[in-house]
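Everything in the sequence shown is counted per the working numbering, starting at 1 for the first residue and increasing by one.
Where a beta carbon is used, it is the ideal one built from N, C-alpha and C, also for glycine.
The structure appears right after this line, and notes come after that.
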Amino acid sequence: MSRKSASRVRQTALITGSCGLIGSEVSRFFDRKGFRVVGIDNNQRAVFFGPAGDTTWVLGQLHASIPHYTHHHVDIRDRNAILDLVATTQPSVIIHTAAQPSHDRAADIPFDDFEVNALGTLNLLEACRRFCPESPFIHMSTNKVYGDLPNTVALRESEYRYDFDDPAFANGISETFSVDQSKHSLFGASKLASDVMVQEYGRYFGMPTCCLRGGCLTGPNHSGVELHGFLSYLVRCNLEAIQYKVFGYQGKQVRDNIHSADVASLMYELYQHPKQGEVYNLGGGKENSCSILEAFQMVEDITGRKQHYTYVDRPRTGDHICYYSDLTKVRAHFPSWTIRKPLAAIVQEIVSSWQLRLEKGVDAIVNGAEN
Ligand SMILES: NC(=O)c1ccc[n+]([C@@H]2O[C@H](COP(=O)([O-])OP(=O)(O)OC[C@H]3O[C@@H](n4cnc5c(N)ncnc54)[C@H](O)[C@@H]3O)[C@@H](O)[C@H]2O)c1
């Protein structure tokens, strides 16, 4: 299956979580590609994370930068509202990024977490099956579907980081890794439920659905808080001389980081070449991976400021010691897609963005996530 560019016939992209880190980036990307962008976001992030999670400012930016942006302040848990919206919108692509995105927050709000992540996704899938079954449905999933099983892979410890020490995982964790019999956190479990359901609508109903299992998704619009959005929060701590807390593993735990713009460009490839019930791991890969200690060094080199941190000798429950996405499958299926933002450029952009925001006093911005 292959689709023509949206420029000739104006297509509609329906984007859930349009005011979040990924949703807002994707909204701008699809607008630039000529789509009519319809966003769904009820600012639930402010409910999950308090006033610091308020995304009203992003909504203002979307209205300002996308002339024909249409917004719906709808909760994806509201089944009838979602059915009505999909029926009237008839989207040519659905990009689902709305979620309760925090690994740690889920344990405090298990019903909200499951209802948003699992049930909300089912509402959308079923609405699409009824009203636009041929439109690609792209779901933002997470590497937490693998639970803490990646911690069982043999590791090599060096001065500043861990790496996989098993040749089978030289490129990282692939999509064949087990999602079973490990500790996921409630968040990982609710996301796994939605991930499997998205696959099922592809396999059972033949719909063009796919899941992107994200590593650390980040970028200059990502305003991390403690425990969420580690790279962004770490930069902020550096600039404001706040003590960054390192939770366990001597700060050598490794994450792979991908810029939200590189996520958006892959989603466009998926729109053009849809798959049925596919899953892809999507992070920055080994090349864009770093440990917390390495991130400290990169940020210090840019800002010239020392990173202040305290060490808490207790890892976060279910945290990965080392994780990088094996990108072999996604690269093979989408040879023209590539990661354009190397880690150094990502860190530089995040530093510049925080410098600007802190200078201007724009402080109530939190776009963190589970990593
Ligand atoms: N950021 C990361 O590092 C990361 C890593 C792996 C996976 N992911 C996944 O990517 C997706 C996007 O993450 P993000 O970082 O952009 O998150 P985000 O919190 O920045 O964006 C999510 C948006 O969805 C909205 N939302 C939440 N619940 C809603 C509901 N019930 N109805 C309508 N809108 C609702 C929120 O208000 C928010 O604006 C999520 O599915 C997340 O699990 C993120």
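Neighbour-count burial assignment, residue i, 16 or more Cβ in a 10 Å radius
i	result
alanine 107	exposed
lysine 183	exposed
isoleucine 15	buried
aspartate 113	buried
asparagine 80	exposed
glutamate 25	buried
histidine 63	exposed
tyrosine 204	exposed
threonine 338	exposed
phenylalanine 29	buried
valine 235	buried
glycine 304	exposed
aspartate 240	Checking the sequence, you will find glutamate at residue 240 rather than aspartate. Per the 10 Å Cβ criterion, exposed.
threonine 56	exposed
tyrosine 111	Per the sequence presented here, residue 111 reads as phenylalanine, with tyrosine not at that position. So phenylalanine 111 ends up on the exposed side.
proline 136	buried
serine 65	exposed
leucine 356	exposed
proline 91	buried
threonine 88	exposed
aspartate 165	exposed
leucine 282	buried
arginine 213	buried
glycine 60	exposed
aspartate 301	exposed
proline 208	buried
arginine 45	buried
glycine 202	buried
lysine 144	buried
glutamine 181	exposed
leucine 125	buried
Per DSSP, the bridge partner or partners of residue i
i	result
methionine 140	Leu212
glycine 39	Ile15 and His71
tyrosine 162	Glu157
tyrosine 309	Tyr244
tyrosine 249	For tyrosine 249, which the question treats as bridged, DSSP gives no partner whatsoever.
aspartate 256	Ser289
leucine 62	For leucine 62, which the question treats as bridged, DSSP gives no partner whatsoever.
leucine 217	Ile258
valine 93	Ala13
isoleucine 173	Ser325
Nearest residue (CA-CA) to residue i, options the options
i	options	result
valine 279	Thr303, Thr121 and Gln199	Gln199
methionine 140	Leu119, Leu217 and Ala87	Leu217
phenylalanine 296	Val254, Tyr268 and Asp262	Val254
aspartate 41	Cys19, Val58, Phe29 and Thr317	Cys19
lysine 191	Cys290, His103, Pro133 and Ile82	His103
arginine 105	Lys360, Thr328 and Thr317	Thr317
alanine 98	Pro91, Cys322, Thr142 and Gln61	Thr142
histidine 96	Asp84, Asp75 and Ile109	Asp75
tyrosine 162	Val347, Lys286 and Lys329	Lys286
asparagine 372	Ala264, Lys329 and Leu231	Within the shown structure, residues of the chain are numbered from 1 to 371, placing residue 372 beyond reach of any answer.
lysine 252	Phe187, Pro315 and Ile94	Pro315
glycine 34	Gly229, Arg10 and Gln348	Arg10
aspartate 256	Ile242, Glu269, Ser265 and Ser291	Ser291
asparagine 151	Asn221, Ile321 and Ile94	Ile321
arginine 340	Glu269, Glu349 and Ala261	Ala261
threonine 121	Gly229, Met298, Thr89 and Gly17	Gly17
serine 27	Met267, Ala168, Ile350 and Gly206	Met267
leucine 21	Leu85, Val93, Ile82 and Gly229	Gly229
valine 58	Gly23, Ile82 and Thr12	Gly23
aspartate 319	Gly219, Leu119 and Phe187	Phe187
aspartate 148	Ser352, Gln243, Gln348 and Tyr323	Tyr323
proline 101	Leu85, Ala13, Gln307 and Ala118	Ala118
asparagine 221	Glu349, Leu83 and Arg32	Glu349
alanine 170	Asp84, Ser265, Thr328 and Val351	Thr328
valine 116	Val299, Leu270 and Asn43	Asn43
Count Cβ pairs between the stretch 324 to 341 and the stretch 274 to 291 that sit closer than 8 Å; are there 3 or more?
Taking a cut-off of 8 Å on C-beta distances, the stretch 324 to 341 touches the stretch 274 to 291, as three or more cross pairs fall below it.
Report yes or no: do the stretch 130 to 145 and the stretch 42 to 56 share at least 3 C-beta pairs separated by less than 8 Å?
Three or more beta-carbon pairs separated by less than 8 Å are not found between the stretch 130 to 145 and the stretch 42 to 56, which leaves the two stretches without contact.
For the stretch 30 to 46 against the stretch 67 to 80, do three or more pairs of beta-carbon atoms, one drawn from each stretch, fall closer than 8 Å, so that the two count as touching?
Yes, they touch.
Using a Cβ distance threshold of 8 Å, determine whether the stretch 304 to 311 contacts the stretch 174 to 188, with at least three qualifying pairs required.
In the pairwise beta carbon analysis, the stretch 304 to 311 is classified as not touching the stretch 174 to 188: fewer than three pairs are separated by under 8 Å.
For the 8 Å Cβ check, are there 3 or more pairs between the stretch 241 to 248 and the stretch 155 to 164?
No: the two stretches stay apart, fewer than three of their Cβ pairs being nearer than 8 Å.
Along the chain, which unbroken stretches of the alpha helix (DSSP H) at least 4 residues long are found entirely within the stretch 260 to 318?
Listed in chain order, the complete alpha helix (DSSP H) runs (minimum 4 residues) inside the stretch 260 to 318 are 260 to 272 and 292 to 303.
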